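Asker: Provided herewith is a single structure, encoded as structure tokens, for subsequent inquiry.
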Amino acid sequence: MAGLHSSSRPSSSSSLSSSSSSSSSSSSSQQVFTSRLLLLLTLLPLTLAFFAFVLQWRGGLTDPVTRWSPDPFQFPGMDNPGSNVGSDRRSGSDCVDLLGRSKSPAFPYFKDWKFDVGSDLNPKICIISSTSAGLEQTLPWIFYHKVIGVSAFFLFVEGKAASPNVSKVLELIPGVKVIYRTKELEEQQAKSRIWNETWLASFFYKPCNYELFVKQSLNMEMSIVMARDAGMDWIIHLDTDELIHPVGAREYSLRQLLAGVPGNVDMVVFPNYESSVERDDVKEPFTEVSMFKKNYDHLPKDVYFGNYKESTRGNPNYFLTYGNGKSAARIQDHLRPNGAHRWHNYMKTPNEIKLDEAAVLHYTYPKFSDLTSRRDRCGCKPTKEDVKRCFMLEFDRAAFIIASTATEEEMLRWYREHVVWTDKELKLKLLRRGILTRIYAPMVIIQGLRDSGLFGSVIQSAQTTPSKDVKSSNTSRVDKPGMISSRKIGVKETTATARRILEIPNETSYNSAIPPLSPPILDDLYIEI
Numbered sequence: 039m040a041g042l043h044s045s046s047r048p049s050s051s052s053s054l055s056s057s058s059s060s061s062s063s064s065s066s067s068q069q070v071f072t073s074r075l076l077l078l079l080t081l082l083p084l085t086l087a088f089f090a091f092v093l094q095w096r097g098g099l100t101d102p103v104t105r106w107s108p109d110p111f112q113f114p115g116m117d118n119p120g121s122n123v124g125s126d127r128r129s130g131s132d133c134v135d136l137l138g139r140s141k142s143p144a145f146p147y148f149k150d151w152k153f154d155v156g157s158d159l160n161p162k163i164c165i166i167s168s169t170s171a172g173l174e175q176t177l178p179w180i181f182y183h184k185v186i187g188v189s190a191f192f193l194f195v196e197g198k199a200a201s202p203n204v205s206k207v208l209e210l211i212p213g214v215k216v217i218y219r220t221k222e223l224e225e226q227q228a229k230s231r232i233w234n235e236t237w238l239a240s241f242f243y244k245p246c247n248y249e250l251f252v253k254q255s256l257n258m259e260m261s262i263v264m265a266r267d268a269g270m271d272w273i274i275h276l277d278t279d280e281l282i283h284p285v286g287a288r289e290y291s292l293r294q295l296l297a298g299v300p301g302n303v304d305m306v307v308f309p310n311y312e313s314s315v316e317r318d319d320v321k322e323p324f325t326e327v328s329m330f331k332k333n334y335d336h337l338p339k340d341v342y343f344g345n346y347k348e349s350t351r352g353n354p355n356y357f358l359t360y361g362n363g364k365s366a367a368r369i370q371d372h373l374r375p376n377g378a379h380r381w382h383n384y385m386k387t388p389n390e391i392k393l394d395e396a397a398v399l400h401y402t403y404p405k406f407s408d409l410t411s412r413r414d415r416c417g418c419k420p421t422k423e424d425v426k427r428c429f430m431l432e433f434d435r436a437a438f439i440i441a442s443t444a445t446e447e448e449m450l451r452w453y454r455e456h457v458v459w460t461d462k463e464l465k466l467k468l469l470r471r472g473i474l475t476r477i478y479a480p481m482v483i484i485q486g487l488r489d490s491g492l493f494g495s496v497i498q499s500a501q502t503t504p505s506k507d508v509k510s511s512n513t514s515r516v517d518k519p520g521m522i523s524s525r526k527i528g529v530k531e532t533t534a535t536a537r538r539i540l541e542i543p544n545e546t547s548y549n550s551a552i553p554p555l556s557p558p559i560l561d562d563l564y565i566e567i
């Protein structure tokens with residue numbers, strides 16, 4: 039028995055040893071599997087990232103645009119260590135330096151300043167504008183809208199915009215037609231059917247903003263004919279302190295946005311956003327202003343009215359100026375203007391839609407100098423009674439009085455209190471609630487165009503091009519222009535015109551033109567309740 043027991047012990051020991059070895063081997067296999075799995079999971083994303091890099095790599099070919107500068111592309115607001123930070127861009131005596139070439143690389147979509155995008159792109163969109171602005175404003179405005187898909191521009195120029203140094207540059211840009219306010223033009227517009235209709239009659243023969251409103255409507259009427267002759271599909275009236283912000287389409291493109299509009303729609307309304315400047319020393323609003331106040335149409339009612347008082351900051355209204363947006367109209371028979379903000383049709387009520395995302399960015403009093411420049415364009419007396427016959431909106435009236443009666447220091451203090459957003463806590467609060475918003479796309483596009491040297495190239499080209507080589511098709515003027523105020527158009531026929539208006543039958547009597555309107559006020563909420 040003892041032998042039996044002694045012989046069974048080695049057998050038992052061997053069995054335990056075999057079991058331990060098997061367990062150790064299994065554990066080792068699991069560790070190897072786990073380590074390999076971790077290695078695979080680590081290498082997989084690295085391999086995919088490398089594969090993506092290979093697909094995007096262009097084989098080291100140099101983009102012709104980037105040859106202009108070795109520096110990396112910089113977005114607005116980023117300091118260039120190789121440049122003189124804070125230097126005045128307008129310090130040069132040469133007018134090319136006004137919008138000259140910087141040392142930053144070119145805008146990625148820039149090929150040449152003529153922007154020859156082809157005539158086969160649809161829909162074809164044109165913009166009509168009445169302006170007296172200089173090149174520092176009109177060039178960025180034109181080429182920004184070219185980038186987002188506008189094909190043609192009808193510019194009715196006067197003042198600085200009509201000066202030889204400015205107009206010669208504008209005439210050279212393909213797709214831009216310059217129309218001068220000459221005696222010939224005034225005589226042509228004096229024959230317009232508008233003077234015999236009632237819808238604009240309440241704005242006739244009044245100064246300042248009313249005169250401009252009539253002038254814009256007459257220019258819009260002429261532009262409809264020019265747009266049809268040019269084969270345009272859509273027409274938009276826009277001032278040169280306004281930019282279309284075409285969000286809501288697959289790309290940042292006005293052409294794509296309007297291409298998606300149903301065929302039965304006659305007019306598309308772009309609600310306007312108003313610039314909210316944060317400094318009193320802004321020089322180039324399109325590239326220095328990024329904060330905007332959203333339109334009532336793009337806000338929930340409770341958010342709009344719940345923050346109304348804080349948003350106005352003691353000003354007469356939610357917006358400093360107008361709040362009823364601008365519109366694009368489909369070119370069709372019997373189209374007519376309905377004031378600067380809308381279009382209409384002689385034969386029907388247009389089918390109109392309002393866009394939920396896209397907007398017009400209105401740069402309102404973005405520069406301190408805007409106070410005096412507006413004052414200098416109007417000869418009204420700076421009294422509360424007299425400004426009512428000159429300006430349609432309360433803030434414009436108050437700004438005119440201040441600019442006409444206050445000292446430079448008092449004007450600056452008033453400008454900071456009523457226009458500039460200096461309260462950081464209030465800004466942050468309204469940004470979080472959606473009243474204010476940041477928009478960078480126009481800033482980046484225009485800064486990119488400027489850095490590419492495009493604006494300087496246009497000016498330089500105009501300086502080296504003899505006047506006789508400028509295409510006559512891009513201009514409309516007479517040899518001996520004679521300037522006439524639009525208030526005087528048809529004055530000799532006032533009695534006859536009044537008689538003809540009274541004789542117009544009911545079917546040709548229309549609702550009054552839509553003027554610039556302020557956004558809803560708190561009283562409107564109580565009326566709804």
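Just so we're aligned, residue 39 is where the sequence shown starts under the numbering used here, counting upward by one.
Think of the CB as a built atom: it goes at the ideal place given N, C-alpha and C, for glycine as much as any other residue.
Owing to the predicted nature of the structure, the values given are computational and were not obtained by experimental measurement.
I need the straight-line Cα distance from residue 399 to residue 330, nearest angstrom please.
Answerer: Residue 399 and residue 330 have their C-alpha atoms spaced approximately 8 Å apart.
Asker: Among 434, 375, 292 and 221, which one has its Cα closest to the Cα of residue 188?
Answerer: Closest by alpha carbon: 292.
Asker: Three-state secondary structure (DSSP) at residue 412?
Answerer: helix
Asker: Tell me whether the beta-carbon of residue 309 lies closer than 8 Å to the beta-carbon of residue 363.
Answerer: yes
Asker: According to the Cβ coordinates, are residue 179 and residue 85 closer than 8 Å?
Answerer: no
Asker: CA-CA distance, residue 489 and residue 470?
Answerer: If you take the alpha carbons of residue 489 and residue 470, they lie about 33 Å apart.
Asker: Taking the continuous beta strand (DSSP E) assigned at residue 431, which residues delimit it?
Answerer: Counting along the chain, residue 431 falls outside any beta strand (DSSP E), and DSSP gives it neither H nor E.
Asker: Does the Cβ of residue 560 have 16 or more other Cβ atoms within 10 Å, making it buried, or fewer, making it exposed?
Answerer: Flag for residue 560 reads exposed.
Asker: With DSSP run on the structure shown, which of helix, strand or coil describes residue 182?
Answerer: DSSP, read as helix, strand or coil, puts residue 182 in helix.
Asker: Would you verify that the beta carbon of residue 321 is, or is not, closer than 8 Å to some beta carbon of chain B?
Answerer: No chain B is part of this structure, which consists of one protein chain only.
Asker: For residue 295, which of 304, 196, 303 and 285 has the nearest alpha-carbon?
Answerer: With distances taken between Cα atoms, residue 295 lies closest to 285.
Asker: By Cβ distance below 7 Å, which residues in the same chain neighbour residue 432 in space, the five residues on each side in sequence not counted?
Answerer: Within the same chain, Cβ atoms closer than 7 Å to the Cβ of residue 432 are found at 354 and 355, the five residues on either side in sequence being excluded.
Asker: Residue 397 to residue 474, Cα distance in whole Å?
Answerer: 14 Å
Asker: At what residue ranges does the segment 212-264 contain a whole run of the alpha helix (DSSP H), taking only runs of 4 or more?
Answerer: 221-228
Asker: Do residue 232 and residue 166 have their C-beta atoms within less than 8 Å of each other?
Answerer: In this structure, residue 166 does not lie closer than 8 Å to residue 232 by Cβ.
Asker: Given a threshold of 16 other Cβ atoms within 10 Å of its Cβ, counted over all protein chains shown, does residue 253 qualify as buried or as exposed?
Answerer: The Cβ neighbour count for residue 253, taken over all protein chains shown within 10 Å, is at least 16; the residue is labelled buried.
Asker: Please report the distance separating the alpha-carbon of residue 558 from that of residue 337.
Answerer: 12 Å
Asker: Where does residue 495 sit, in a helix, a strand or coil, going by DSSP?
Answerer: helix
Asker: Counting C-beta neighbours from all protein chains within 10 Å, is the total for residue 269 16 or more, i.e. buried, or is it exposed?
Answerer: exposed
Asker: Go ahead and pull the three-state DSSP assignment for residue 471.
Answerer: helix
Asker: Taking DSSP as the reference, what is the three-state secondary structure of residue 268?
Answerer: Residue 268 falls in the coil class under three-state DSSP.
Asker: Suppose contacts are defined by Cβ-Cβ distances below 8 Å. Is residue 299 in contact with residue 365 by that definition?
Answerer: Not a contact, by the Cβ cut-off of 8 Å.
Asker: Using the C-alpha atoms, what's the distance from residue 210 back to residue 554?
Answerer: 33 Å
Asker: Please check the pair residue 240 and residue 556, which I expect to be a contact at CB under 8 Å, by giving their CB distance rounded to whole angstroms.
Answerer: Wrong, their Cβ atoms sit about 18 Å apart, outside the cutoff.
Asker: What is the residue span of the beta strand (DSSP E) that residue 452 lies within?
Answerer: Looking at the DSSP string, residue 452 is not in any beta strand (DSSP E); the run it does join, the alpha helix (DSSP H), is 446-456.
Asker: Skipping 5 residues on each side, what residues in its chain have a beta carbon closer than 7 Å to that of residue 261?
Answerer: 166, 192 and 273
Asker: Taking the alpha-carbon of residue 458 as reference, which of 482, 500, 443 and 349 has the nearest alpha-carbon?
Answerer: 349
Asker: Comparing C-alpha positions only, which one of 493, 501 and 498 sits nearest to residue 176?
Answerer: 493
Asker: Within a Cβ cutoff of 8 Å, which residues of the same chain sit near residue 438, ignoring the five residues on either side of it in sequence?
Answerer: 412, 413, 416, 418, 420, 425, 428 and 429
Asker: Excluding the five sequence neighbours on either side, which residues of its own chain have a C-beta within less than 7 Å of the C-beta of residue 302, listed in chain order?
Answerer: 389
Asker: Assign residue 380 to one of two classes, buried (16 or more other C-beta atoms within 10 Å of its C-beta) or exposed (fewer than that).
Answerer: buried
Asker: Starting from residue 488, follow the beta strand (DSSP E) in both directions and report where the run begins and ends.
Answerer: Counting along the chain, residue 488 falls outside any beta strand (DSSP E), though it belongs to the alpha helix (DSSP H) covering 479-489.
Asker: Closer than 7 Å by C-beta to residue 320: which residues in its own chain qualify, once you throw out the five before and the five after it? Chain order, please.
Answerer: 326, 327, 404 and 405
Asker: With H, G and I counted as helix, E and B as strand and the rest as coil, what does DSSP make of residue 406?
Answerer: coil
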